[in-house]
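Asks:
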């Protein structure tokens with residue numbers, strides 16, 4: 046009886062050892078976790094929804110690693126975005142953060158990334174998110190084109206059109222403030238003077254007072270520095286008040302929902318945009334066309350023809366940066382879910398070189414965490430409710 050019991054115990058122990066042995070390789074291949082906080086609701090929903098859609102297209106396995114993409118909605122609220130970032134980093138133990146959709150939230154998340162030492166890839170536009178480089182921004186990258194890159198493209202187009210005076214109306218937050226600063230810096234050396242500055246809120250339903258002041262200033266052109274569907278409000282009001290000058294927008298308006306809300310009032314507006322917006326119209330010689338069309342085809346295959354949004358491209362490009370960095374980080378021997386792996390991913394993203402994505406070609410460096418150049422911008426005009434590439438502007 047004793048011998049049989051001992052034999053059974055020995056047999057059971059062997060089974061346990063075998064089970065543990067089988068489990069060890071699984072433990073060694075820890076899952077990579079990426080946390081996203083996006084503005085799926087609130088004033089920036091027209092940005093956050095396509096960004097969430099793009100996240101669903103990213104692979105769940107690469108380089109022998111399972112990848113989990115955890116998406117939270119921050120409601121276009123800065124406090125919620127910060128809370129989401131902390132939750133993702135401390136409770137979900139993500140290796141990289143992505144977000145948020147808007148500049149104010151992304152700026153607030155910089156502190157979280159630096160404090161918890163987790164790399165953050167912003168999908169908002171302001172250059173202030175990654176510049177000037179310091180100990181906090183050491184952990185932060187971004188995929189949208191810097192506003193100064195786009196402002197210089199607009200200034201070039203305005204100079205060609207012989208614009209001398211410019212009216213400005215932008216969001217009364219960090220996005221609008223940054224655009225005003227960068228537009229003045231780009232325009233004034235070309236002899237273009239900003240003659241009136243107006244502000245409005247993302248949730249405002251009327252800009253009549255601001256537009257009346259703009260019209261009274263008689264500028265040759267007006268720049269609207271908004272993002273998503275709220276950028277249509279000043280556009281429509283300017284048209285309603287009979288403004289006949291050229292209206293420019295920022296790349297924050299490069300969104301089909303803007304065209305839907307704006308209708309015929311958007312016809313004729315000009316804006317700088319990523320090549321993705323007019324990918325099919327680009328010549329084959331354009332260095333971004335091939336990589337842009339990969340995303341276009343994937344997105345529209347899942348969500349329908351004409352559903353494309355450049356904002357989705359920013360999350361897709363964040364995913365490409367992560368996928369490019371992943372094998373480099375794994376080679377260090379650091380394991381996903383550890384502080385060492387977070388640091389290795391940060392270092393690997395900073396080492397990105399000549400990576401073609403949907404919006405441009407990324408080359409990061411210790412002093413440049415945006416990584417895009419002139420190949421990441423084109424000038425687009427709205428003609429009969431459609432985006433049309435303007436190769437001569």
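Numbering (this note's numbering), first residue to last: 46 to 438. C-beta atoms are modelled at their ideal positions from N, C-alpha and C, and glycine is treated no differently. These numbers were taken from a predicted model, which means no experiment stands behind them.
Counting along the chain, where does the beta strand (DSSP E) carrying residue 144 start and finish?
Replies: Here the beta strand (DSSP E) through residue 144 covers 141 to 144.
Asks: Alpha carbon to alpha carbon, how far is residue 356 from residue 158? Give it in angstroms, no decimals.
Replies: Going by the C-alpha atoms only, they are around 22 Å apart.
Asks: If we ignore side chains and look at the alpha-carbon of each, how far apart do residue 338 and residue 404 end up?
Replies: If you take the alpha carbons of residue 338 and residue 404, they lie about 10 Å apart.
Asks: Look at residue 191 and residue 169 and say whether their C-beta atoms are less than 8 Å apart.
Replies: No.
Asks: Could you pull out every residue in the same chain whose Cβ sits closer than 7 Å to the Cβ of residue 126, ignoring the five residues on either side in sequence?
Replies: 82, 119, 144, 145, 150, 153, 154.
Asks: Please classify residue 468 as buried or exposed, where buried requires at least 16 other C-beta atoms within 10 Å of its C-beta.
Replies: Residue coverage of the chain in this structure runs from 46 to 438, which leaves residue 468 outside it and unanswerable.
Asks: Between which residues of its own chain and residue 211 is the CB-CB distance below 8 Å, once the five residues before and five after are set aside?
Replies: Here the set comprises 203, 228, 232, 237, 238, 239, 240, 264, 265, 266, 267, 268.
Asks: Output needed for residue 167: all residues of its chain with C-beta closer than 6 Å, excluding positions within five of it in sequence on either side, in chain order.
Replies: 151, 174, 187.
Asks: Cα-Cα, which of 322, 393, 279 is closest to residue 306?
Replies: The shortest Cα separation from residue 306 among 322, 393, 279 belongs to 279.
Asks: On the criterion of 16 or more Cβ atoms from any shown chain inside 10 Å, does residue 417 qualify as buried, or is it exposed?
Replies: When all chains shown are included, residue 417 counts as buried.
Asks: Return yes when the Cβ of residue 80 is within less than 8 Å of the Cβ of residue 134, no when it is not.
Replies: Cβ distance < 8 Å, so residue 134 and residue 80 count as in contact.
Asks: Considering only the beta carbon of each residue, do residue 348 and residue 199 sit closer than 8 Å?
Replies: For residue 348 and residue 199, no; Cβs fall outside 8 Å.
Asks: Taking residue 345 as part of the alpha helix (DSSP H), name the residues at either end of that continuous run.
Replies: 334 to 348 is the extent of the alpha helix (DSSP H) around residue 345.
Asks: Rounded to whole angstroms, what is the Cα-Cα separation between residue 85 and residue 310?
Replies: Their Cα atoms are separated by approximately 26 Å.
Asks: Is it the case that the Cβ atoms of residue 322 and residue 433 are separated by a distance below 8 Å?
Replies: No, these two residues do not count as a Cβ contact at 8 Å.
Asks: Could you tell me which uninterrupted alpha helix (DSSP H) segments, each at least 4 residues in length, are contained entirely in the stretch 155 to 232, listed from first to last along the chain?
Replies: Listed in chain order, the complete alpha helix (DSSP H) runs (minimum 4 residues) inside the stretch 155 to 232 are 192 to 205, 219 to 232.
Asks: Going by DSSP, what residue range makes up the beta strand (DSSP E) through residue 427?
Replies: Note, residue 427: beta strand (DSSP E), 423 to 428.
Asks: Would you decide whether residue 329 is buried or exposed? Buried here means 16 or more other CB atoms lie within 10 Å of its CB.
Replies: Exposed: under 16 other Cβ atoms inside 10 Å.
Asks: Let me check understanding here. Comparing Cα to Cα, which of 110, 262, 376, 87 lies closest to residue 214?
Replies: Nearest of 110, 262, 376, 87 to residue 214, Cα basis: 262.
Asks: Name the one or two DSSP bridge partners that residue 110 has.
Replies: Its beta-bridge partners are 107.
Asks: I need the straight-line Cα distance from residue 276 to residue 430, nearest angstrom please.
Replies: Their Cα atoms are separated by approximately 16 Å.
Asks: Once DSSP output is grouped into helix, strand and coil, what is the label at residue 83?
Replies: Of the three classes helix, strand and coil, the one that applies to residue 83 here is strand, per DSSP.
Asks: Select from 89, 124, 162, 179 the residue whose C-alpha is nearest the C-alpha of residue 412.
Replies: Closest by alpha carbon: 179.
Asks: DSSP state of residue 117, grouped into three classes?
Replies: Of the three classes helix, strand and coil, the one that applies to residue 117 here is strand, per DSSP.
Asks: With distances taken from CA atoms, which of 234, 324, 139 is nearest residue 383?
Replies: The residue with the shortest Cα to Cα distance from residue 383 is 139.
Asks: Does residue 272 pass the burial test, meaning 16 or more other C-beta atoms within 10 Å, or should it be called exposed?
Replies: Buried.
Asks: As a quick exercise: from 327, 333, 381, 380, pick the residue whose alpha carbon is nearest that of residue 437.
Replies: Measuring from the Cα of residue 437, the nearest candidate turns out to be 327.
Asks: Is residue 422 closer than 8 Å to residue 283 when the C-beta atoms are compared?
Replies: Against a cut-off of 8 Å, the Cβ pair of residue 422 and residue 283 comes out as no contact.
Asks: Going by DSSP, name the residue or residues bridged to residue 327.
Replies: BP columns for residue 327 are empty, so no partner.
Asks: As a quick exercise: from 393, 105, 290, pick the residue whose alpha carbon is nearest that of residue 206.
Replies: Answer by Cα proximity: 290.
Asks: Which of the three DSSP states, helix, strand or coil, is assigned to residue 34?
Replies: Nothing in the structure corresponds to residue 34, since the chain is present only between 46 and 438.
Asks: Who are the near neighbours of residue 182 in its chain, counting only those whose CB is closer than 6 Å to its CB and skipping five residues on each side?
Replies: Taken in chain order, the residues that qualify are 175.
Asks: Within the same chain, show all residues whose beta-carbon is closer than 7 Å to that of residue 75, passing over the 5 residues directly before and after it, in chain order.
Replies: So the list reads 380, 381, 382, once near-sequence residues are dropped.
Asks: Rounded to the nearest angstrom, how far is the Cβ of residue 336 from that of residue 401, given a contact under 8 Å?
Replies: Confirmed, about 4 Å.
Asks: Cβ of residue 237 less than 8 Å from any chain B Cβ?
Replies: Absent from the structure: chain B. Only one protein chain is present.
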